[in-house]
Amino acid sequence: MTDLSKDNAARKRILDHMNADHQDSLSRYLEHYCRLSSWAARNAKATEITLSQLDIDASGKTHQVPLNPPLGSFRDARERMVKMDQDSLKGLSRSDIKVTEYQQPKGFDLVVFSAVVLTLLAYCKRSNFLPGSWLYDNLLSNIPGFARFSFVIQPLVFYGIIVIHSIETAFMVSSRLNKHSVPIYGGLWWKWTLTTFIDGICSFRRFAAIVERKKREKEKQRH
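Here full-length UniProt numbering is used: the first residue of the sequence shown is 1, the next is one more, and so on.
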């Protein structure tokens, strides 16, 4: 096999490996080195590599990531890709722990989730606490005092939950999902985001448990 044939085979192995097993790293390269947003860097695909440059397609465009200093040979690519990913994680303030799973509410968390959903449904409009509504006629007609009180506080309860849980959701996205490389607007991202909007701190606790488990697993692999 000629040197050119060996280089072509090595390039193909590198590209195939990065696309198959390290697409998240490719996206981070684009975010860190090319200053793309998480959204623009999604679904990244390596299309070409030379000793001095890595070409990555994303959002319909090809972006060039310089390999500086240039590789001595393609045998150096693996070590360089790892180093670039470490630099990207540091530059983006990301963790090397990637969360790839979702944990739905169970037990106490499910009780909280259900309670918040029912509260939002009940307090979504004031007319729910007036005679003629299903809620009043079926559940509140025998406790009119509570119905009147709920009528008065309805805006405070409903919009208070919306505002507080929106803040919690935004914090989940910025401090947890982005940090642990959950692809923005993907299925997993939506599951965590929507669940956090309902049960708030409970989602943070479940997410933290996953991160801690992955940290322990990673530590075991090092020993």
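Don't be surprised by glycine CBs; every beta carbon is placed ideally from N, CA and C.
Through-space distance from L92 to S38, alpha-carbon basis: Translated into positions along the sequence shown, residue 38 becomes position 38. Translated into positions along the sequence shown, residue 92 becomes position 92. Distance between the alpha carbons of S38 and L92: 11 Å.
From L110, I49, E217 and N142, residue whose alpha carbon lies closest to that of N68: If you number the sequence shown from 1, residue 68 lands on position 68. Nearest option by C-alpha distance: I49.
Same chain only: Cβ atoms within 6 Å of P70, ignoring 5 sequence neighbours per side: Start at 1 with the first residue of the sequence shown, and residue 70 comes out as number 70. These residues qualify, in order along the chain: L51 and S52.
Assumed close pair H180, I97 - CB separation to whole angstroms, cut-off 8 Å: Along the sequence shown, read from residue 1 onward, the residue named residue 180 stands at position 180. Along the sequence shown, read from residue 1 onward, the residue named residue 97 stands at position 97. About 6 Å separates the two Cβ atoms, so the contact holds.
Beta-carbon contacts of A209 that lie in its chain and below 8 Å, excluding the five residues immediately before and after: For this step, residue 209 is matched to residue 209 along the sequence shown. Cβ within range, chain order: Q103.
Buried versus exposed call for N128 [16 or more other C-beta atoms within 10 Å across all chains shown]: On the sequence shown, position 128 is the one that residue 128 refers to. Flag for N128 reads buried.
CA-to-CA distance, R42 to residue 227, given in whole angstroms: As displayed, the chain neither begins before 1 nor continues past 223, which places residue 227 out of reach and without an answer.
N-terminal and C-terminal residue of the beta strand (DSSP E) that H63 is part of: Counting from 1 along the sequence shown, the entry for residue 63 is found at position 63. Where H63 is concerned, the enclosing beta strand (DSSP E) stretches over K61 to P66.
Backbone CA spacing between P183 and Y136 [nearest angstrom]: As a first step, residue 183 is located in the sequence shown; it is residue number 183 there, counting from the start. As a first step, residue 136 is located in the sequence shown; it is residue number 136 there, counting from the start. Each residue's alpha carbon lies about 44 Å from the other.
Buried versus exposed, by CB contacts within 10 Å (16 or more), A44: Here residue 44 refers to the residue found at position 44 of the sequence shown. Buried is the label assigned to A44, since at least 16 other Cβ atoms lie within 10 Å of its Cβ.
Helix, strand or coil at I143 [DSSP, three-state]: Along the sequence shown, one-based indexing puts residue 143 at 143. It is coil, neither helix nor strand.
Nearest-angstrom Cα separation, counted from R78 out to M84: Mapped onto the sequence shown, residue 84 falls at position 84. Mapped onto the sequence shown, residue 78 falls at position 78. Near 10 Å, if we compare the C-alpha coordinates of R78 and M84.
For E101, the three-state DSSP class (helix, strand or coil): On the sequence shown, position 101 is the one that residue 101 refers to. Here E101 carries a coil assignment [DSSP, helix/strand/coil].
Same chain, Cβ closer than 8 Å to H17, five either side skipped, listed in chain order: If you number the sequence shown from 1, residue 17 lands on position 17. Taken in chain order, the list of residues that qualify is empty.
Reduced DSSP secondary structure (H/G/I, E/B, other) of T47: One-based indexing of the sequence shown puts residue 47 at position 47. Correct three-state label for T47: strand.
Distance, L110 Cα to Q221 Cα: Looking up residue 221 in the sequence shown gives position 221. Looking up residue 110 in the sequence shown gives position 110. Their backbone Cα atoms lie some 34 Å apart in a straight line.
Reference H29; option with closest CA among D76, Q86 and I14: The residue given as residue 29 occupies position 29 in the sequence shown. The identity of residue 29 in the sequence shown is Tyr, whereas the question assumes His. Considering only alpha carbons, the answer is Q86.
For P105 and T169, believed in contact at Cβ under 8 Å, the rounded distance: Taking the first residue of the sequence shown as 1, we reach residue 169 at position 169. Taking the first residue of the sequence shown as 1, we reach residue 105 at position 105. Between P105 and T169 the Cβ distance is about 15 Å, and since that is not below 8 Å, they are no contact.
Distance, G132 Cα to R94 Cα: Numbered from 1 along the sequence shown, position 94 holds the residue referred to as residue 94. Numbered from 1 along the sequence shown, position 132 holds the residue referred to as residue 132. The alpha-carbon atoms of R94 and G132 are separated by roughly 53 Å.
Nearest to I162 (by Cα), restricted to the options F149, V116 and I143: As a working note, residue 162 is residue 162 in the sequence shown. Selected option, being the one with the closest Cα: V116.
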